[in-house]
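This report concerns only the one structure given below.
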Amino acid sequence: MLNYTIRRLMFTVPVLLFISFIIFLLLDLAPNDPTGNLPMTIPPEVRQQIRESLGLDQPIWVRYLLWCKQFFINEPLNIIEQWFGIQIGDGDRLRVRSWATRSPVVDLIVERLPQTLWVVGMSYVVGILIAIPIGVVSAYRQYSWFDQIGTFISMVGFSVPTFFTGVLMIVIFSVWLGWFPSIYDTTLVVEDWASFMQQVRQMAMPVFVLALFNAAQISRFMRASMLDNLNQDYVRTARAKGLKERTVLLVHVLRNSLIPVVTVIALNVPQVFGGAIITEQVFKVNGLGQLLIIGIQGADIPLVQTLTFIFAVLIVLFNLIADILYGILDPRIRYD
Amino acid sequence: MTDATVQDARQSRAGRSQWADVWDQFKTHRGALLGMGFFIFISLLVIFGPWLWDIPPNYIDIRAKNQGPSLAHPMGTDQLGRDTFAQVLAGGRVSLLVGVTAMALSLVLGTLVGVLAGYFKRLDGPLMRLTDLFLALPLLPLLLVIIMLFRDTLRAAFGPETGIFILIVFVIGITSWMQTARIVRGDVLSLKEQEFVLAARSIGTPSHRMILRHILPNVLSPIMVSATLGIANAIITESALSFLGLGFPSDFPTWGRLLFDSTNFMTLNPERVIWPGLAISLTVLSVNYIGDGLRDALDPRIRGR
Amino acid sequence: MKYRSILAAAALALASAPMAQAGRGDAGNLNIIYWQAASILNPYLSGGTKDIDASALILEPLARYDENGNMVPWLAEEIPTVANGGVSEDLTTITWKLKEGIKWSDGTDLTADDVVFTANYCMAPDGGCQGLAAFADVANVEALDPLTVKITFDKPKPFPYGPFVGATTPIIQRAQFENCVGAKAPECTEQNFNPVGTGPFRVVEFRANDVITMEANPNYRDPDKPHFATLTFKGGGDAAAAARAVLETGEFDYAWNLQIDPAILSQMAKGGKGTVISAFGTAVERLMVNLTNPDPALGEKRSTLEGGPHPFLTDPAVRRALSLAIDRNLLAEVGYGAAGQATCNVVPAPAIYVSTANDECLVQDIAKANAILDEAGWLPGPDGIRQKDGVRLSILYQTSTNAVRQDTQALIKQWWSEIGVETELKNIDAAVFFGGDQSSPDTFQKFYADIEMYTNLFDGTDPETYMKSWTCEEIPSPANNWLGSNMPRYCNPEYDALWAKLAATGPLEERAEIVKQLNDMLVQDGAMIPLIHRGRVSAHANSLTGVKLNTWDSEMWNVADWDRQ
Amino acid sequence: MPDGAAPVLDVKGLKTVFRTRSGEVHAVNSVSFDLRPGELLGVVGESGSGKSVTMMSLIGLLPSPPAEVRRGQVLFDGIDLLSADDDTLRSIRGARIGFVFQDPMTSLNPVFTVGFQLMEPLRRHMGMSKARARARAAELLELVGIPDAASRLKDYPHQFSGGMRQRVMIAMALACDPEVLIADEPTTALDVTIQAQILELVKELRRKLGMAIIWITHDLGVIAGIADRVMVMYGGQVVEHAPVRELFENPQHPYTRALLETIPTVRGKRAPRLRVIEGQPPVLGAEPASCPFRPRCGHALDICARANPPRVPVGPAHDAACFWNPETGGPRDV
């Protein structure tokens, strides 16, 4: 397993470099432009000068290598400097800068990370916590009323998009009932009970909307996987041993059923960091998803490239984690 | 009678009755039958409905804007006075077609990659890295590039509507197969270690037969789940594409877009929101039940119970 | 004893504050929502309205326009004119005098040096300054004394109020930005996020693309202002959500640019928590008519003058019929509500520039449009589409993706079908359509369509540079990398000559006459089909007072006067 | 043979029905038998004759639905297992009645170690501590002849061969010193040499531990050497029942005779995987009103079509359900 992990990690480096280049190429090929959203009053010549000032007149490979240098050398050095408070070289290095804000992309990401992790991460956790019991019970009592209702809710939860459920929640809970704020306050600092409650209130709706969506998906996989395992011979063996039904279900069947579901869960973790574009937009959470979409709309290539690449690293990493988890959870599979 | 003829006879009988068995089993699944019934109903409705309900979906009757349901407009009208019922019918054609074909495409791609990667050790690394690449690609710029590169060519070759249709199905298909591939691969990996596969391999079953006979039927349930989720996903993604100006022309209603457009009219004209939302949910639900029924019917452990 | 009486007086002052003349910071927190979040507070590095409006809370120009489009001195003592000697007789220089005693928020004095520095900052090469257009023809900016700035132009400038007038070119502090000139400009994150200004507020925390927290500038020149102690400038979401936050939930005090369906907006306004306000500037939603041939078969020459004229849009009868078939009043009502008016002009405001020669189109007349086409020999074919000599009236009609624009497209398509014209609709993501990317076929400059629709406008009140957009040299083509604003590919030597005359004419009345003539030429030659004079729509909480919606300048122009009831 | 002792298990008139979507299947019809302490009862019949279903019905292991035990009484230590509540049943299963299934390949949970699975019944029924359970599990593995037992507790089922896995299954069934061990075709899925080893093992264990065993098989040859009594089943019924020697020497039912004749040929054949309701014997849609073996019987009489023959004594401790008398070749006096 260790061997396998090391080999995979080594293989990861060229793969990620390749991915970063493909992303760069793609962003460069894409027909949107950083001056696209400027007002009509800015004349074409000025737009052209703006493009040149951003370096867009350079050939693509020059810009790519520049980004590589900034991202792989300058940014890590900068982080080391910040952590250890030491100075390496003259400290005057070009960092990856967003075109729209002219500020270092990494700083923007660090600023956004907390609210994304809180809201999207929490919704993912809540979604899993809801989905697994629902999946288990739905499968165990297949075609019971519980299963039917669970199926119905999860299908509706999955098929009605968040742009709709989000607005519906706002209309009901913010406009009519006035329970929750419709706009997320990213500057809120939790320091006492009151601010904690405020944080809970402003997180309630986005977390619920996203959790519903996540739970719908995961509970479907959970149910299918449980059904596959419930008919296996080893379940009969476990019953023949006189084990309690709960033990049979929650130890023997669940453990086997979780194998594919855990991989699904692990594979979706990077999406937590990717943020939830629509939900963040609807509730004005302004996390990484919103940052990414603004970057894409504004053709902010350095921002999008960096964000997407970090995303790619997470995906590759979590794929590895999923594979290792698979090996741990299913002893039949050995990577060597 | 030689052994061979006996075997042949038995096989052909088994072959025929197997599908009959599947159908028999499927029939007994109430949800699946209902689901299939609804799916056929809604398919027929969107195919033939526009002939029976002859208000053109794009006909603007501005004096009748934002109306609630009435005899003339059973589902009300939108902000330009277009008949919502006619739009739901017309939109269903596109949405169902896009949903089913894009789902099928992504399923085929995902299953193919997943099975190949799981089954052939040598392909595992490259195929899974390819999957990583696709997972990592930023969707929006990818779409912009694809559309920039191919829209005009396809429009010239197939006309504006078919061209865009092909493009959208393709775009959704190639951007949504990755999860299926990952899950199928995982399942194949563990199946490969199971005795019946080892046994089948030890008697020299060729790979393609192994995959078709022994592997595929056993990874059916995750595939079925993916299919159900995939169809919903395709219908919604299509609406997101339209929203970004990348989908069908704006005078071309689809369920996803009807829902999106009506979201802001939620308090003003609630009827408008309900219908497309309901249409999508019920379709997805019915596909889910069909999937459930098929899975049960194809599972020999349950069949005949 | 003395100490106690001061305390008592202070307490009294505090208690009576809401009744008496309002003082600085007594109105608490002001919540503003811009559904496009501000990404930077340096208007020279971002021309986006959201960024300019956010920085207008902090940075100020020498003069700005009030809500009626009149120029008012802001940091300057008065508006320089030829009459008061501020503008030289030969129209090549303008001299501004700063008000005395204005301090930056860090307590230092504003001087003419800062103004000179600002000009140099924007005009520095490699800086990518987005307000550069305002500095066109500026030869030199110099400080005559600590409070006097002289701007010299290359050539006579009948309208010399480009630099430092309006929100796009405010004064930035030399001390702060000294090391940020030219190529270094983007690296000054700290400066760009926390500019020192002379305006009513200063930054406490800037979160790019998210939210800005501000507080009252302690060194603001009017000791009673601003009335708000703190200010939150939140971004994100969409226009409907922003409207909801002000009109329905009351979480916010001011929401910007609420371009949503008027029916929804008026329903939200019934909530009673806020008021929708609108005002008109120079923006006109119009159809651009492609006078060249966009046939894909032409390859490189597609939509260029070399590709030849358009097969049917060059026929004045067709263009006139297309225009007459449109019910602009209905378009305004359906898509814009109070923020839209039917117009037949390219220049819809200010009033002295507005022509009345084209008002025929204000009333829809399908019968007349049909008659015109019949007369011109365009007769309905077997499929109901008019044709002549094998040319069918089939139009590809493109615009950017936007709910209102798609509604407009749908309506126009229906009207055109009533006069036997077939329309194929196409909408393109705004970032692509307006992006000008050379490799994309979907930009508005390339115009690979027959008709395209968007809004154009000009800053301030003077249309001179705006009218230049339709001279021959502004035609986009591969030769000039598709740069240029003459989308219809309209080329008329008479128009060019008339524009040259405008650039050399000083007196306002004469300029107005020329602008009207230019406007009429454009409309009557059918280069453009104007549709809607678009206003700005914003909303504020009922408790908020002092809001004067200004379309000639930043909406935040008089934020110092805003107060809570 | 411990004769005359009170039976440890007494089954009377057991009837089990499967409700399928194509109607009811009467899998077990009025089966009665008893099992005395320490004896080994062989149950023989083709696949689908109702052997496994009978045994699983006893201790409520059939999935319900679709299975339904409709009638009968199963007395175990004075308790009627059919009317006992779930808790009672669970405390008996695995503790006092052990079960070994036919397919050792799939009957062990692939994701838990053998040790964990062995310790489960010990901890559940005997309340052992982890350490004690582990020690006992090692003993058990040693008992069933797995070398290096203590270290193999950490291994997963897939690391064992088929025969070894069946030994593990047996160890698991014996974990709590049960009074009864039900072995459902434990050697069917194994190859011949392993079969012999398992048989030897069971013989030895029985000698050591003295539990009663029900041994289900379709292969008469297998039990010839180990069983005390044999019960032959067909169509969900007991068709013949006799001490082993008696049965082999004096088979009364045509089906038993047919089975005996096939011994040499059946032995070499590779057994297919079997399923409960499929296979050659009839699938009964209703309680049989005639002899279920009649269509395949070479000696069928007229009466066989009219009535289902009851079990009648045909010798000492020997009964059969058949109207045909092999000695006379004519009808038996019933």
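Residue numbers (our numbering), protein chains in the order written: chain A, 1 to 336; chain B, 337 to 641; chain C, 642 to 1206; chain D, 1207 to 1540. All residues carry an ideal CB built from backbone N, CA and C; glycine is no exception.
Excluding residues up to 5 positions away in sequence, Val1275, Gly1278, Gln1279 and Val1280 lie with their Cβ nearer than 7 Å to the Cβ of Leu1288 of chain D in the same chain. Interface residue (Cβ-Cβ distance to chain B less than 8 Å): Phe152 of chain A is classified as such.
Within the DSSP secondary-structure output, Tyr895 of chain C pairs in a beta bridge with C:Ile673 and C:His1181. Per the coordinates, the alpha-carbon of Pro1392 of chain D lies some 23 Å from the alpha-carbon of Asp1216 of chain D. Contact check for Ile508 of chain B against Glu574 of chain B passes: the beta carbons are separated by less than 8 Å. Boundaries cannot be given for Phe1075 of chain C, as no alpha helix (DSSP H) includes it and DSSP labels it neither H nor E. Residue-level contact by beta carbon fails for Gln423 of chain B and chain C, as no gap is shorter than 8 Å.
At a cut-off of 8 Å, the C-beta of Thr1312 of chain D has a neighbouring C-beta in chain A.
Between Leu1185 of chain C and Tyr861 of chain C, the C-beta spacing is not below 8 Å. Interface with chain D (8 Å Cβ-Cβ cutoff): Gln232 of chain A is included. Chain-order list of chain A residues neighbouring Thr599 of chain B: Phe163, Phe164 and Val167, by C-beta distance under 7 Å. Rounded to whole angstroms, the gap between the alpha carbons of Pro585 of chain B and Thr1042 of chain C is 10 Å. A direct Cα-to-Cα measurement between Val1320 of chain D and Leu258 of chain A gives close to 20 Å.
Closer than 7 Å at the C-beta level to chain B, one finds these residues of the stretch 298 to 319 of chain A: Val304, Thr308, Phe311, Ala312, Ile315, Val316 and Asn319.
Thr854 of chain C sits in a strand when the DSSP states are folded into three classes. For Ile610 of chain B, the closest C-alpha among the options B:Ser622, B:Leu594 and B:Leu630 is that of B:Leu594.
Asp936 of chain C and Pro950 of chain C have their C-alpha atoms some 11 Å from each other.
Spanning the alpha carbons of Ser526 of chain B and Phe208 of chain A requires a straight line of approximately 35 Å.
Under DSSP, Lys1221 of chain D forms a beta bridge with D:Arg1277.
If only uninterrupted alpha helix (DSSP H) runs of at least 4 residues are considered, those enclosed by the stretch 1258 to 1333 of chain D are 1292 to 1298 and 1320 to 1332. Bounds of any beta strand (DSSP E) do not take in Ser103 of chain A, whose DSSP letter is neither H nor E.
Annotation: Cβ neighbours of Gln1055 of chain C in chain B (cutoff 7 Å, chain order): Ile396. Listed in chain order, the alpha helix (DSSP H) runs fully inside the stretch 541 to 601 of chain B are 556 to 579 and 591 to 599, counting runs of at least 4 residues. With a threshold of 16 other beta carbon atoms within 10 Å, Ser543 of chain B falls short and is exposed. Under DSSP, Ser919 of chain C takes part in a beta bridge, and its partners are C:Val1178.
Judged by their CB atoms, Gly566 of chain B and Ser512 of chain B are nearer to each other than the 8 Å cut-off.
Straight-line spacing of the CA atoms in Asp28 of chain A and Gly726 of chain C works out to 52 Å. In the structure shown, Gln1039 of chain C adopts extended strand secondary structure according to DSSP, grouped into three states.
In this model, Arg491 of chain B and Ile301 of chain A are separated by some 29 Å (Cα to Cα). If the five residues before and after Asn32 of chain A are omitted, its C-beta is found closer than 6 Å to the C-beta atoms of Ala299, all from its own chain and listed in chain order. For Gln49 of chain A, the enclosing alpha helix (DSSP H) starts and ends at Pro44 to Ser53.
Here the C-alpha atom of Asp731 of chain C lies approximately 18 Å from the C-alpha atom of Ile720 of chain C. The C-beta distance from Ala1344 of chain D to Ala1355 of chain D rounds to 5 Å, short enough to fall under 8 Å. Per the coordinates, the alpha-carbon of Glu1016 of chain C lies some 21 Å from the alpha-carbon of Val930 of chain C. Closer than 8 Å to the CB of Asn32 of chain A there is at least one CB belonging to chain B. Leaving aside the five residues that flank Gln199 of chain A on each side, the residues in its chain whose CB is nearer than 7 Å to its CB run, in chain order, Leu188 and Val190.
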